[in-house]
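Asker: Protein chains in written order, with the working numbering: chain Z, 13 to 104; chain W, 274 to 759. No residue lacks a Cβ here, since even glycine has one placed at the ideal position from N, Cα and C. Can you keep this structure in mind? I'll have questions shortly.
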C-alpha cells in the first residue's frame with residue numbers, strides 16, 4: 013500500500029489522516045496486509061460458502077406495527093428541528 | 274455461586290437490598306484499582322432489589338437469578354442507561370431500547386449493578402483500547418484481565434458482581450475468562466439473540482455468560498438463549514442445559530488437534546495436558562484429529578471481522594447519536610472530523626483495513642477468498658465432530674499479559690487470539706474453564722469446543738471436570754462479595 017492508496021481508503025472510510033501519522037499507519041497496514049495475504053496459500057477445493065447453522069428464511073406478513081415515537085428517536089441527536097435531525101452547513 | 278446466593282435470599286439470611294448495597298460498597302472500595310465498571314446503575318438496581326424483597330416478604334417463590342446482582346458489558350444496550358462501547362464517539366449515548374438478553378434478565382428481576390469496561394467496540398484482547406483506560410486483572414493488577422470483555426471478567430473475578438454477560442467475536446468472552454480464572458461460554462452462532470448488541474462483526478458476534486462455575490454459566494445461558502424474531506440469525510438454544518449438568522461422561526470422545534497445541538507456552542500446555550489426563554481417568558477416550566485449515570483462521574478472521582466492522586461502524590456520523598466534532602466546513606468534513614476524533618487508533622486501523630479488503634480490485638483476493646476458506650473451515654469442524662464429541666485446546670497460548678501489551682506490534686497482539694478465533698469462524702460453541710495456575714500465580718484456561726447447539730454437553734463436561742477436581746482452580750483473590758462469607 014502506498015501513500016496515495018492510503019488516502020483513497022481514508023476517504024472511503026470517512027477518516028482524516030494527519031500527515032505526521034502517515035508513516036506509522038502505512039507500516040501497520042503493510043504488516044497486517046502481508047499477514048492477511050498468507051490466506052492465498054490455503055487450498056480450498058470446494059468453492060462454496062457454507063451456511064453457519066442451517067438458518068432458514070423467516071417470513072412475516074407485511075403489517076404496519078407501532079414503532080418508536082419521533083421524540084424518542086431524536087433524543088440522542090446533538091441538533092434537531094421540527095422533528096428532524098438538523099445539521100448546519102458549516103460550523104466554526 | 275448463584276445457587277448459594279439464591280438459598281441465602283430465599284431463607285432470608287440476607288435481603289436483595291442488603292446484598293446489592295454490599296456489592297456497591299465493594300465496588301466503591303476496590304474498583305478504583307480494578308477499573309472494571311464504567312457506569313453504575315444504582316437506581317435501577319435498588320428498585321429491582323426492593324421489588325424482589327417484597328416478593329420474598331409475601332412468601333412468593335423466586336427464580337434463581339431473581340434479586341441477584343450482575344453486570345453487562347458496555348456494548349449491550351440498556352434503555353435509559355448510558356451505553357458507550359468504551360468509545361469516545363458514543364459518550365453520552367443513552368439507548369431508547371433494551372437488548373433482548375437484558376430484557377430476559379429484567380423479566381427475572383435480575384439486579385443490574387452497572388456496565389463494565391471493554392476494548393473500544395470490542396476490538397482488542399487486553400481491555401486497554403477502552404477510552405476509559407483499561408481494567409486490571411484481580412489476580413495481579415500489573416497484568417491485564419484480557420479482552421475485550423475485560424471489565425466483566427475483572428468484576429466477576431474480584432467479587433464485584435455475581436456473574437456477567439460479555440460478547441465474543443474472536444475470543445472476547447473466553448480469553449478474559451481464562452486470564453481471570455473464570456468460566457466463559459461462547460454460544461453457537463444463533464443461540465443467543467444479538468438484538469441490542471452494538472454490532473462489531475455481525476457474522477461472528479455472540480453474547481454469553483462469564484461466571485465462576487459451569488453450573489452458573491448454565492443457569493445464565495438457559496435464561497438468555499431463547500428464540501427472538503428480532504434477530505433473523507437467531508434460533509435459540511436446543512434445550513435447557515441445567516438438567517444435563519451431571520450427565521455421565523464415560524463414553525465421551527475428546528478430540529485433540531495438534532494445530533492448537535503448536536502455539537502454547539510450556540506451562541499452559543502442561544496444565545491442559547493434565548486436564549486431558551483427568552478426563553481420561555474419568556473414562557473419556559482421547560482421539561487424535563487434525564484441522565489443517567485452522568492455521569488460516571486468524572487471517573480469515575481479520576479480513577472478515579474488519580470488513581464487517583468497516584460497514585457496521587459506518588453509522589457513526591455525528592448526526593443521530595454520539596459526539597460531533599465542531600469546526601467543519603461541509604457535511605463530509607463534519608463526518609470525517611467526528612470519526613477521526615471519536616474513534617481510537619485500533620478501531621481506525623480496522624476500519625481502514627476493512628475498507629481496503631472490500632474495495633474494488635482487492636475484494637476477490639481478500640474478502641472472497643476469506644469467505645471460501647471460512648466455508649472450508651466450517652466443513653473441517655463438521656468432519657472432525659464425526660470422529661469426536663468435543664475438542665479440547667488451550668484457551669490462549671499464554672496467561673495474562675503485562676499492561677502495555679496492546680501497544681506493541683498489532684500482529685503480535687492478534688496472534689494471542691489464535692486458539693479462540695477459529696471457533697467464531699466455524700460458528701460452533703466453545704467454553705473456557707480454569708485448569709491451573711502458572712508460576713506467577715496467574716490462571717490458565719482450557720477450551721472445550723462442541724458442534725452447533727451442543728451447549729448442554731459442553732457445560733456438562735465442564736461441570737464434571739470441576740466436580741472431579743473439587744473446584745480447586747477457582748480462587749477468591751479480592752475481598753469482594755461471596756455467598757460463603759455472608
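Which value, in whole angstroms, describes the spacing of the CA atoms of residue 337/W and residue 686/W?
Answerer: By one-based count along the second chain, residue 337/W stands at place 64. By one-based count along the second chain, residue 686/W stands at place 413. Approximately 39 Å between the Cα atoms of the pair.
Asker: Mapping DSSP to helix, strand and coil, what is residue 313/W?
Answerer: As a position in the second chain, residue 313/W is number 40, starting the count at 1. In the structure shown, residue 313/W sits in a strand (DSSP, three-state: E or B).
Asker: Which chain W residues are close to residue 47/Z, counting only those with a beta carbon under 7 Å from its beta carbon?
Answerer: Counting from 1 along the first chain, the entry for residue 47/Z is found at position 35. Simply 572, 684.
Asker: If you pair each beta-carbon of the stretch 357 to 370 of chain W with each one of the stretch 629 to 649 of chain W, do three or more pairs fall below 8 Å?
Answerer: Cβ pair count under 8 Å is below three, so no.
Asker: Identify which residue in 51/Z, 67/Z, 41/Z, 72/Z has its Cα closest to the Cα of residue 567/W.
Answerer: In the second chain, the residue the question calls residue 567/W occupies position 294. Out of 51/Z, 67/Z, 41/Z, 72/Z, 51/Z has the C-alpha closest to the C-alpha of residue 567/W.
Asker: Answer yes or no: do residue 460/W and residue 510/W have a C-beta to C-beta separation smaller than 9 Å?
Answerer: As a first step, residue 460/W is located in the second chain; it is residue number 187 there, counting from the start. As a first step, residue 510/W is located in the second chain; it is residue number 237 there, counting from the start. For residue 460/W and residue 510/W, yes; Cβs fall inside 9 Å.
Asker: What are the residues that DSSP puts in a beta bridge with residue 484/W?
Answerer: As a first step, residue 484/W must be located in the second chain, where it is residue number 211. Per DSSP, 456/W.
Asker: Take residue 305/W as the anchor and find which of 699/W, 558/W, 407/W, 529/W has the nearest alpha-carbon.
Answerer: On the second chain, residue 305/W is found 32 positions in, with the first residue counted as 1. Residue 407/W is the option with its Cα nearest to residue 305/W.
Asker: Nearest to residue 666/W by CA position, among 528/W, 274/W, 615/W, is which residue?
Answerer: Counted from its first residue, the second chain places residue 666/W at position 393. Of the listed residues, the one whose Cα sits closest to residue 666/W is 528/W.
Asker: Buried or exposed: which applies to residue 619/W, given that a residue is buried once 16 or more other Cβ atoms fall within 10 Å of its Cβ?
Answerer: Along the second chain, one-based indexing puts residue 619/W at 346. Counting Cβ neighbours within 10 Å, residue 619/W comes out buried, since at least 16 surround it.
Asker: Keeping to the same chain, check which residues put their C-beta closer than 6 Å to that of residue 639/W; ignore five residues upstream and five downstream.
Answerer: Mapped onto the second chain, residue 639/W falls at position 366. The residues are 576, 630.
Asker: Three-state secondary structure (DSSP) at residue 70/Z?
Answerer: Walking along the first chain from the start, residue 70/Z turns up at place 58. Correct three-state label for residue 70/Z: coil.
Asker: Using a Cβ-Cβ cut-off of less than 9 Å, list which residues of the stretch 20 to 31 of chain Z approach chain W; keep chain order.
Answerer: Result list: 20, 21, 22, 23, 24, 25, 26, 27, 28, 29, 30.
Asker: Return the chain-ordered list of same chain residues with a C-beta closer than 6 Å to the C-beta of residue 339/W, the five sequence neighbours on each side being excluded.
Answerer: Position 66 of the second chain holds residue 339/W. 325, 381, 382, listed in sequence order.
Asker: Once DSSP output is grouped into helix, strand and coil, what is the label at residue 93/Z?
Answerer: Here residue 93/Z refers to the residue found at position 81 when the first chain is read from its first residue. Correct three-state label for residue 93/Z: strand.
Asker: Rounded to the nearest angstrom, what separates residue 253/W and residue 598/W at their Cα positions?
Answerer: The structure shown does not extend to residue 253/W, since chain W is modelled only from 274 through 759, so no value can be given for it.
Asker: Quick one: which chain Z residues come within Cβ less than 7 Å of residue 696/W?
Answerer: Indexing the second chain from 1 puts residue 696/W at position 423. Per Cβ cutoff of 7 Å: no residues; residue 696/W is ~12 Å from chain Z at best.
Asker: Need the endpoints of the beta strand (DSSP E) that residue 558/W sits in, please.
Answerer: Counting from 1 along the second chain, the entry for residue 558/W is found at position 285. Counting along the chain, the beta strand (DSSP E) containing residue 558/W begins and ends at 558 to 562.
Asker: Quick one: what does DSSP say residue 755/W is sitting in, helix, strand or coil?
Answerer: Here residue 755/W refers to the residue found at position 482 when the second chain is read from its first residue. Residue 755/W: coil per DSSP, three-state reduction.
Asker: Does residue 590/W have its Cβ less than 9 Å from a Cβ in chain Z?
Answerer: Counting from one through the second chain, the residue named residue 590/W turns up at place 317. Answer yes: the Cβ-Cβ gap between residue 590/W and chain Z drops below 9 Å somewhere.
Asker: Can you say whether residue 434/W is buried or exposed, counting buried as having 16 or more other CB atoms within 10 angstroms of its CB?
Answerer: As a position in the second chain, residue 434/W is number 161, starting the count at 1. Buried, by the Cβ-count rule.
Asker: According to DSSP, is residue 609/W part of a helix, a strand, or is it coil?
Answerer: As a working note, residue 609/W is residue 336 in the second chain. In this structure, residue 609/W counts as helix in the three-state DSSP scheme.
Asker: So which residues on chain W does residue 56/Z lean against when the C-beta distance must stay under 9 Å?
Answerer: Here the question's residue 56/Z lines up with position 44 in the first chain. Here the neighbours are 566, 642, 645, 646, 648, 649.
Asker: Would you check if the stretch 482 to 501 of chain W and the stretch 680 to 699 of chain W touch, i.e. whether three or more CB-CB distances between them fall below 8 Å?
Answerer: In short, these stretches do not touch, since the Cβ pair count stays below three.
Asker: Just to confirm the assignment, what range does the alpha helix (DSSP H) spanning residue 710/W have?
Answerer: Within the second chain, the letter at position 437 stands for residue 710/W. Note, residue 710/W: premise wrong, no alpha helix (DSSP H); beta strand (DSSP E) at 702 to 710.
Asker: Should the stretch 305 to 322 of chain W be regarded as contacting the stretch 420 to 430 of chain W, the criterion being three or more beta carbon pairs within less than 8 Å?
Answerer: At 8 Å Cβ cutoff, the stretches touch.
Asker: Could you tell me the distance, in whole angstroms, from the CA atom of residue 500/W to the CA atom of residue 663/W?
Answerer: On the second chain, residue 500/W is found 227 positions in, with the first residue counted as 1. On the second chain, residue 663/W is found 390 positions in, with the first residue counted as 1. The alpha-carbon atoms of residue 500/W and residue 663/W are separated by roughly 25 Å.
Asker: Taking the CB atoms as reference points, tell me whether residue 717/W and residue 484/W lie closer together than 9 Å.
Answerer: For the purposes of this step, residue 717/W is taken as the residue at position 444 of the second chain. For the purposes of this step, residue 484/W is taken as the residue at position 211 of the second chain. No, these two residues do not count as a Cβ contact at 9 Å.
Asker: Should residue 670/W and residue 465/W be called a contact, given that it needs their Cβ atoms to be closer than 9 Å?
Answerer: Your numbering for residue 670/W matches position 397 in the second chain. Your numbering for residue 465/W matches position 192 in the second chain. No, these two residues do not count as a Cβ contact at 9 Å.
Asker: How would you label residue 594/W, buried or exposed, when you count the other beta carbons within 10 angstroms and need 16 or more for buried?
Answerer: The residue labelled residue 594/W in the question sits at position 321 within the second chain. Looking at its Cβ environment, which holds 16 or more other Cβ atoms inside 10 Å, residue 594/W is buried.
Asker: Using only alpha-carbon positions, find the residue among 88/Z, 92/Z, 95/Z, 67/Z that is nearest to residue 589/W.
Answerer: Taking the second chain and counting its residues from 1, the one referred to as residue 589/W is at position 316. Checking every option, the nearest Cα to that of residue 589/W belongs to 88/Z.
Asker: Within the 9 Å Cβ cut-off, does residue 87/Z reach chain W?
Answerer: Taking the first residue of the first chain as position 1, residue 87/Z is located at position 75. Yes, residue 87/Z counts as interfacial toward chain W.
Asker: For residue 544/W, count neighbouring Cβ atoms within 10 angstroms of its own Cβ and tell me buried if that reaches 16, exposed if not.
Answerer: Residue numbering aside, residue 544/W sits at position 271 when the second chain is read from its first letter. Label assigned to residue 544/W: buried.
Asker: Between which two residues does the beta strand (DSSP E) harbouring residue 342/W extend?
Answerer: On the second chain, position 69 is the one that residue 342/W refers to. Residues 342 to 346.
Asker: Among residues of its own chain, excluding the 5 on either side of residue 353/W, which ones have a beta-carbon nearer than 7 Å to its beta-carbon?
Answerer: Start at 1 with the first residue of the second chain, and residue 353/W comes out as number 80. Around residue 353/W: 367.
Asker: Work out the CA separation of residue 83/Z and residue 91/Z for me, nearest whole Å.
Answerer: Within the first chain, the letter at position 79 stands for residue 91/Z. Within the first chain, the letter at position 71 stands for residue 83/Z. Spanning the two alpha carbons is a distance of roughly 12 Å.
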